[in-house]
Amino acid sequence: MTGRLYYMIARQPYHGVVCKSGFVVDRFIQADIIAGIITYKHTGGEIGRSPRYDVITFVISDGEAEALPSCCLNKGPSSPRHTNQLQQTLPVYDLNITVFPVDSQPPSIAIGDVFVVDEGGSASITVAHLRTSDMDTPLEELELILVSPPQFGYIENILPSPGFEKSNMGISIGSFSYKDVMNGHINYVQSRHQRIEPTEDQFMLYVSDGNRRTVDTPFYIIISPMNDEIPEFLARNITVREGDMKELDPSILNAADLDIPHNDLVFSVVQQPQHGVIMGRLFGNDITRYKRLVHRGHASEAAVQDFTLEELKNGMTVMYMHDDSESTQDGFTIELTDGKHQLQKHVTVKVVPVNDEKPRVIRNNGIDVEMGESRLISSAVLSAEDGDTPAEHVLYIFESVPTYGLLQIKVDLDWVPLSVGMNCSQEAVDMNQLRYLHTGSAGSQGQDFFVFHLQDGSNRSPAQHFYITVKDMEKGDIAVFVKPVKASRGERVVLTTDTLLAVDKTDKPEELLYTITAPPSHGHVEYIKHPGVPINTFSQMDVAANLVCYVHDNRATFPRETIRFIVSNGQSIRNGTLEIAVEMMDRVPPSLSRNGGLRVFQGSTMALTSGDLNLYDPDTPPTSLFFLLVQYPQYGQLLLKGAPLTGPNFTQQHLLDLDLAYRHAGGPSQIDRFSFTATDGTNLGFLVEGRIQTEPVIFTIQMEALDSYTPRVVQLQSMWKVELLKDGRYGMFVSSRELKAQDTDTGDEEITFHILRPPYFGYLENATTGQFVNQRFTQKDLNRRILLYIINSALEALSDSVQFQVSDPQGNAGAPHTLELAWSRVELAQSEFTACEDQGAISLTLLRKGNTAESSYVSVKVKEVTATAEKDFTLSPSTLIQFDPGVSSRSWKIRITKDQLEEAEETFEVTLTSPVSTVLGSVTKALVKIIDARKGHCSSSTKLEGPSLSGKLVPPGSPPRHGAIQVESLPLTQQDSGGWTRGDNVAPFEPPVSKKRLRTNGNGMTVRPSSVHKNGSDLVFTYHGIMSLRVEDDSSPSRKGRKAKVVVTSRGQKIPTAVSPGKNAILAPDLSTARLTAQGPTGTSPKACAPALMGLLHFNQSSSQLLRCDGMSWRPWALTDEMVSAQKCPAGWTYHGGCCYVLATEQKATWSAATRACRETHNGNLVSIMSKIDMDWLWDFSGRKPFWIGLNDRENKGRWEWVGGEPVSYTNWRKSPPRVKRKGAKNCVLVRRRAKWQIQDCKKGNRHPYVCYFKT
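As numbered in the UniProt record's numbering, residues 1 to 1256 make up the sequence shown, in order.
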């Protein structure tokens, strides 16, 4: 039985024991093993990180060995006999046991050497500072974790992160491995040291092996102090009296250093003061001893160069002493060092000056003066100085004044006499504000003088004399003595010898003549016996006889008048000025010159003007003329600058500036009023009709009911009468005969015609100003016949219309109306006529087209070429041809003279002139040929050529984009294509077929439509893309590089839907949507040409021709070189005559700024004008407003040149070319009213628009 097998331990394990149910046994049975109660228990202690091996030797028995004593079995090696016996009798087995290591022990940590780091530095934490161990964990796997970080620094690991090369230096960490400690990668960084002085630091950490950890252990750090703090340096500016001392105590000079231990702070004077010295206290406060030391040259003995803060705190005294110079500012520089850092500060010394210097006279030369003259006393003859006092405070105190003249000082513009005790500063003498005026005859010694002394506020100088030598007069010399005259406003003052005297040692005052060169501004000089008659000359005798007076005109606002004159005795001339002091007293009360009341619509606001209420005062400005309100309006209120009037008054200036208004409050009231008095601030009352008024005056305000009736158009007739204007244009004056509106309560100047739609072909113009009329005109303009419709002769239009609406100031407007304009055009049927000599007569046919309902006239003028009048032909007695109403054709006969002579072909010209009530067409001149019948060139079959059309059509205005062509494809039937009828009933003719055609570049192709939809009876095809086209002419080589955008419109005709494009077809990416309207299979005529279709092109497929609607009829059209050239202009520019133009109106400029803008911004030049055609076009292009052009003579006056360098071949000056010798800087040209040229300043003055251009 297996359960009875016995296991006996023959040899116990070395590192453990065998237990049964926890008890050590030496035998057990098989059943115990099955029960799982037999265990091996390791008792050998820590085995480290390597496995241990143990062996148990068993003897197995099945029961026979039970009789053996247990003692024998346990004897072990001591009983070899029994063992051998057992081995011989029982089987023996060894059980090998492997004991694996178990992480059962916590790591340990030990702090080694003291860790020391410099302040602000870093040090590596090594195994010498931090040791750790763990019996069952490799040291490389131990992790050190911070519990609390250091207070004044951080721990860093300088190794880069895995996968990176950059070091992690400077990054704080919270844990690290002991492996990094062993490798020297862990540092402590002492980072917090500014303005603090830490001497120690610590952090708490523990070691972990992943399962177990140590207790928290402090790591202590000793911080070695370093000199890392910059000292704090205090150095304040000081103030010291001139020649005094100032102690530099700690309140002025101080320092502090936060380093521990404290460093020695040393002050050094690196820049000595310029007007003083830094020294120590040697003699207490006795400043005289210090000054004596300095004056003897021993200042270095007391001077201080270096000193420490500790010395200052221990009682050392450092002082600044001023050197007593006349300086007001000084300074020195102090350097502070702690052994490592150096700081410098500049101490500014403000010196308070002491007035200890006496003023002294350095120049007293005296002056020479002519009798009656004045002479400046300047610093060249009289000067003083004071070392410590500025010139404006050095005063001349006058102890006596001159005897034979006046000592005067200039105050503002007047010379004021000085008297005893008064003073004058040296600055006034320096500025030439002191003078001597001789007023009497020379003394016995020919000298005059005055006495003065100097004073600077504290000190004075001795008295001194200033001598004036009065030169004796020579024979013929004139002396003029003038004193100011006092006058009041409007006063008449007699001129006497006390105020105006001239002498010349001849005692002949009648020969001393005064001539006024500059009369007074607000008065005149007259004889007493002839009041009101100004005079310009008088004699000294007249003054002595009191016959001359000055009269003030009472309008002056300035208290000073001057009369400049010259005095002559026939031998010499002397200039003089008589000054008149006007007493500014208000003597005239204001006058109420207008009080007309006001008419206001109910509920509206209207301004009060000086035409309604006006106060006039010749000696008071409008700002000082006040209306004082006594009673306010009852049914409205007065507004001042848009806000209710809160004060009790307003001024005349408010009325002039339209700042005062009355606003009605509404309601049925009809009359309102306010009462007032007026004043000029001086006089009591005001004048009304010449009488003084002090009682209030009433201003009446009358309310009128709002106008609810609209103006009515009572006259509206079609315009037809054309007039030939002076400038060669055709126009029709619109007057009240053709157009008139009325309103019962509105004046003609307030009835306004608003233009809703301007004319299609022409434009409206103000005949007086030449300006365009684009928005409105009034009935008054019609009454004055200044509204003019200008016909555009470049177009073949014969009718036009203007849509307008009439309104009044209250906003009442009527229904829209249309003013129709229809006129006629007269021209010769053809430009060349041929007649045989034997024909007898030839008839020249004149055609009238358009409005034939009225009469019109035209004159005929004949010019001989090779034919001679009265010899080869005879004219009709009348050269005036009249077209009666309804007549569209007239003939004018010329009799041909048959002279029986054999001769060459003879010609003469016939020209149409002086049209009346019509315009001349394009064929106004015809050449008549007379052929000799005997040469055989005449036959009965010869017939006159039919009327034909030639030339190219110029489109009106500029298209939106040059080269954009709208083509309306309307194929005509065969019978329609044979010809077409003109609107003026001219016989049908075959129009010339244009040899030009549009063809696609490359192999011809058809473009598929992007969409097709039906719009009523039209089938609309929409195309997107651009096709490059070229213009071909059968008579000339293909013109390459010229492209146009074509918008094709076709009605009714089907378009092929599938066409393969050519290989070389060019398709560009930018095209506006093209529209194609197809035509039905039967074919119809083009839609009637109307103003709304003007500019539209129609392609006649039968004749392969392009036709263009000009607003009246379809005309042949072909692409011209000018249209292609216009594509070269940038967007926003306008093409004309081979150049591109742009008008700059938003930013107006001077001529110089305009020239620079054209050159730098637009890459062109300021416009040049070569002909009258260009001038007329530019005048219209500018909107008939002023603009700058490039003409100037800045380089050489009188030599005019264009900015672009073109020769000056055309000018249009307003009157005549400017003079070469002219004042000012007007060297540049501005086009102004009526396109006339005027010169203006190039850099100053008003700013204007300008036109830039460049040639294509």
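Beta carbons are placed, not taken as given, at the ideal position from N, Cα and C, and that holds for glycine.
Buried versus exposed, by CB contacts within 10 Å (16 or more), residue i
i: A384; result: buried
i: residue 1260; result: Outside the displayed range of the chain (1 to 1256) lies residue 1260, so it cannot be described from this structure.
i: S521; result: exposed
i: T818; result: exposed
i: G666; result: exposed
i: L706; result: exposed
i: V401; result: buried
i: V215; result: exposed
i: Q202; result: exposed
i: S917; result: buried
i: P877; result: exposed
Neighbourhood of residue i by C-beta, 6 Å cutoff - its chain only, sequence neighbours within 5 removed
i: S108; result: S133
i: F733; result: R785, L788
i: G174; result: L146
i: K358; result: N459
i: T562; result: T577, E579
i: H185; result: N157, I158, L159
Backbone CA spacing between residue i and residue j [nearest angstrom]
i: F28; j: L5; result: 9 Å
i: R435; j: F398; result: 14 Å
i: P1207; j: D1176; result: 19 Å
i: R195; j: A256; result: 11 Å
i: S568; j: T517; result: 13 Å
i: K871; j: L725; result: 37 Å
i: I230; j: A303; result: 28 Å
i: Y838; j: F873; result: The identity of residue 838 in the sequence shown is Asp, whereas the question assumes Tyr. Cα to Cα, D838 sits roughly 12 Å from F873.
i: G596; j: V533; result: 38 Å
i: N1192; j: K1215; result: 17 Å
i: M279; j: L234; result: 19 Å
i: S736; j: L782; result: 5 Å
i: G576; j: S425; result: 28 Å
i: V361; j: S461; result: 8 Å
i: H129; j: S177; result: 15 Å
Cβ-based neighbour list, residue i, same chain, cut-off 8 Å, excluding 5 preceding and 5 following
i: N365; result: A380, V381, L382
i: R594; result: S610, G611, D612, L613, N614
i: V102; result: D136
i: P644; result: Q637, L638
Contact set for residue i: own chain, Cβ-Cβ below 7 Å, skip 5 residues either direction
i: R213; result: P106, Y206, V207
i: A867; result: F873, E906, T907, F908, I930
i: M321; result: M245, G276, V277, M279, Y290
i: E1160; result: none
Among the options, the one whose alpha carbon lies nearest that of residue i
i: E695; options: A661, I751, Q631; result: Q631
i: A1088; options: G1095, S1103, L1106, W1114; result: W1114
i: A1225; options: K1197, W1188, L90, P149; result: K1197
i: S572; options: P589, H654, I478, L658; result: I478
i: D94; options: L513, V102, V59; result: V59
i: G642; options: T845, S624, A607, F674; result: A607
i: P250; options: M319, L258, H193; result: M319
i: W823; options: E738, G731, G840, I1173; result: G731
i: L656; options: S718, D672, Y616, R663; result: Y616
Distance cut-off 7 Å: residue i Cβ against heavy atoms of the ligand COA
i: G1132; result: Although the ligand COA was asked about, the structure shown includes no ligands whatsoever.
Checklist line | Sequence ranges, beta strand (DSSP E) only - wholly within the segment 712-760, length at least 3 | finding: Whole beta strand (DSSP E) segments, 3+ residues: 712-716, 730-734, 739-742, 752-757.
For the segment 820-908, list the beta strand (DSSP E) runs that are entirely contained and at least 3 residues long, ordered along the chain. 824-828, 832-836, 841-850, 856-864, 880-883, 889-896
- Query: What are the start and end residues of each continuous beta strand (DSSP E) run of 3 or more residues lying completely inside the UniProt repeat "CSPG" (476-568), in chain order?
  - Reply: 479-482, 485-488, 492-494, 500-503, 513-518, 523-527, 537-539, 548-552, 560-568
Legend entry - Length-filtered (4 minimum) alpha helix (DSSP H) runs lying within the UniProt repeat "CSPG" (106-208): Runs of the alpha helix (DSSP H) inside the UniProt repeat "CSPG" (106-208): 178-182.
Quiz prompt | Length at least 3, wholly inside the segment 1127-1152: the beta strand (DSSP E) runs in chain order | solution = 1134-1136, 1139-1149
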